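Protein chains in written order, with the working numbering: chain A, 18 to 262; chain B, 2 to 228.
Just so you know, even glycine gets a beta-carbon here, dropped at the ideal spot from N, CA and C.
Here the structure is a predicted model, which means the values were calculated and not measured.
Report on the structure given below.
Structure follows, in structure tokens:
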């Protein structure tokens with residue numbers, strides 16, 4: 018059985034370079050269990066790279082990420098068991114049905130009763146009636162709901178979501194917000210990258226802004242998330258690094 | 002160890018299920034391999050008499066090229082919707098994922114081999130199964146060696162834009178000893194006076210390459226897959 022668990026994640030001076038291009042530049046911040054943190058920033062600012070680093074799929078060029086007290090490189094599969102990642106690309110197999118996609122993930126993550134877990138996930142994704150159809154015929158929103166359930170099927174501690182609201186209708190968006198709140202109450206660490214600032218405003222505990230690979234905390238204040246974000250960008254929000262946790 | 006093989010089986014079963022729905026790789030590879038044999042039969046059969054020993058070369062050339070098609074596509078499919086990352090994030094030994102992919106590719110190559118051997122046997126009137134066990138052993142070990150190196154390179158190049166060019170450039174120089182041993186082993190079985198000792202020697206040589214390739218592949222797959 019898995020013994021490892023963690024209550025906080027600490028990102029310390031993480032940089033990631035692709036050849037001469039710098040995707041992340043000495044990024045430091047912290048996450049606590051029960052927090053929902055938004056990752057904001059213009060296209061190409063390094064949000065997806067940072068999520069990739071947090072998920073352990075991308076190794077930092079320098080710096081380190083600690084999960085609890087342990088660095089990621091020391092943990093391997095024990096850590097990956099506690100991470101759920103919804104990528105912008107949905108990591109699903111279009112030839113397979115919703116049930117088959119979920120069942121594959123459930124078994125891959127060693128779920129004891131995959132059928133029961135899959136049935137619950139299908140209910141939450143509102144795909145019970147189309148459970149046996151290949152997902153190639155699904156709309157983006159339906160696939161997004163399915164991919165979300167796939168990424169949460171093993172009840173992860175750290176939930177990483179890249180543009181989770183893409184393609185969702187109002188009802189699905191509200192359900193997702195409710196789900197994120199629930200995950201937060203259950204003690205998960207939730208980080209999501211988004212451009213849907215109005216939607217994100219309802220659920221975020223705090224937001225960090227990435228710009229050209231550098232991170233800054235979006236200051237608390239009056240006004241909507243969107244207005245604070247705009248003010249932060251246009252007002253030349255301080256590019257100084259802030260370290261939490 | 003049971004968990005390792007459970008994951009490998011899971012990945013292979015998923016690949017077979019995906020392929021059974023699209024049949025894209027199966028049709029492409031078998032059609033290509035059968036066409037290859039047909040074209041060679043026009044070149045090497047004169048006045049109803051085949052050039053002696055040509056069958057051995059034809060079988061292995063058809064397998065190598067058909068196998069290359071399958072290898073490229075097997076990992077390209079995982080790139081679609083970034084499914085490869087989903088696999089790599091799973092809390093399992095990544096070597097088990099590699100073995101699962103490898104078994105899926107080998108199964109497909111096995112089907113292609115059955116088609117190729119059938120067509121060569123018909124067009125060239127060759128009795129491959131006089132020494133069936135040795136012949137099948139040559140095919141199986143050859144397929145393991147070729148697919149093992151190929152799967153590793155295909156996985157490594159999956160994110161490369163020029164993977165279609167790089168895969169054969171890397172694959173053939175390394176697998177050419179397996180192909181040569183396969184041709185010679187097959188030749189020693191189908192010649193007018195079969196030389197079983199020689200066939201066993203080539204079989205042992207391919208098995209040696211298999212062990213080396215498999216060890217290297219299992220050792221390097223995990224670090225190669227970390228971005």
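Spanning the alpha carbons of residue 143 (chain A) and residue 223 (chain B) requires a straight line of approximately 36 Å. Residue 67 (chain B) and residue 147 (chain B) have their alpha carbons spaced roughly 11 Å apart. Residues of the segment 85 to 102 of chain B that bring their beta carbon within less than 8 Å of a beta carbon in chain A comprise 86, 87, 88, 89, 90, 91, 92, 93, 94, in sequence order. Residue 23 (chain B) reaches chain A at 112, counting residues in chain order whose Cβ is nearer than 7 Å. Boundaries of the beta strand (DSSP E) around residue 41 (chain A): 38 to 49.
Here DSSP, grouped into helix, strand and coil, assigns residue 189 (chain A) to helix. Across the structure, residue 218 (chain B) and residue 153 (chain B) are spaced so that their CA atoms are roughly 6 Å apart. Separation of residue 174 (chain B) and residue 156 (chain B) (C-alpha to C-alpha, rounded to the nearest whole angstrom) is 18 Å. Proximity of residue 18 (chain B) to chain A, defined by a Cβ-Cβ separation below 8 Å, is satisfied.
Put simply, of B:164, B:30, B:97 the residue whose alpha carbon is nearest the alpha carbon of residue 4 (chain B) is B:97. By the CB criterion at 8 Å, residue 41 (chain A) and residue 66 (chain A) fall inside the cutoff. Residues of chain B whose Cβ lies closer than 7 Å to the Cβ of residue 102 (chain A) are, in chain order, 90.
Rounded to whole angstroms, the Cβ separation of residue 117 (chain B) and residue 208 (chain B) is 22 Å, and the two are not in contact under 8 Å. In terms of Cα proximity to residue 77 (chain A), the closest of A:235, A:31, A:184, A:102 is A:31. DSSP places residue 102 (chain A) in the strand class (E or B) of the three-state scheme. Its chain contains 103, 107, 108, 109 as the residues whose beta carbon lies nearer than 7 Å to that of residue 164 (chain A), once the 5 sequence neighbours on both sides are disregarded; these appear in chain order. When Cβ-Cβ separations below 8 Å define contact, residue 21 (chain A) makes no contact with chain B. In the structure shown, residue 20 (chain B) adopts helical secondary structure according to DSSP, grouped into three states. Straight-line spacing of the CA atoms in residue 183 (chain A) and residue 159 (chain A) works out to 11 Å.
Taking a 10 Å sphere around the C-beta of residue 69 (chain B), we find 16 or more other C-beta atoms and assign the residue as buried.
The distance from the Cβ of residue 146 (chain A) to that of residue 116 (chain A) is about 12 Å, inconsistent with a contact at the 8 Å cut-off.
Between residue 119 (chain A) and residue 151 (chain A), the C-beta spacing is not below 8 Å.
Assigned with DSSP and collapsed to three states, residue 244 (chain A) falls in helix.
Put simply, the backbone Cα of residue 94 (chain A) is about 16 Å away from that of residue 9 (chain B). Taken through DSSP and simplified to helix, strand or coil, residue 239 (chain A) comes out as coil. Between residue 227 (chain B) and chain A, the shortest Cβ-Cβ separation is below 8 Å.
In the pairwise beta carbon analysis, the segment 103 to 121 of chain B is classified as not touching the segment 160 to 169 of chain B: fewer than three pairs are separated by under 8 Å.
Here DSSP, grouped into helix, strand and coil, assigns residue 31 (chain B) to helix.
Excluding residues up to 5 positions away in sequence, 145, 149 lie with their Cβ nearer than 8 Å to the Cβ of residue 215 (chain B) in the same chain. DSSP, reduced to helix, strand and coil, places residue 198 (chain B) within a helical segment of the structure shown. The beta-carbon of residue 76 (chain A) is placed less than 8 Å from the nearest beta-carbon of chain B.
Your pair residue 52 (chain A) and residue 201 (chain A) checks out as a contact, with CB atoms roughly 7 Å apart and the cut at 8 Å. Within the same chain, Cβ atoms closer than 7 Å to the Cβ of residue 57 (chain B) are found at 184, 187, 188, 191, the five residues on either side in sequence being excluded. The CB of residue 151 (chain A) comes closer than 9 Å to the CB of 22 in chain B, given here in chain order. DSSP lists A:227 as the bridge partner or partners of residue 232 (chain A). Rounded to whole angstroms, the gap between the alpha carbons of residue 226 (chain B) and residue 79 (chain B) is 13 Å.
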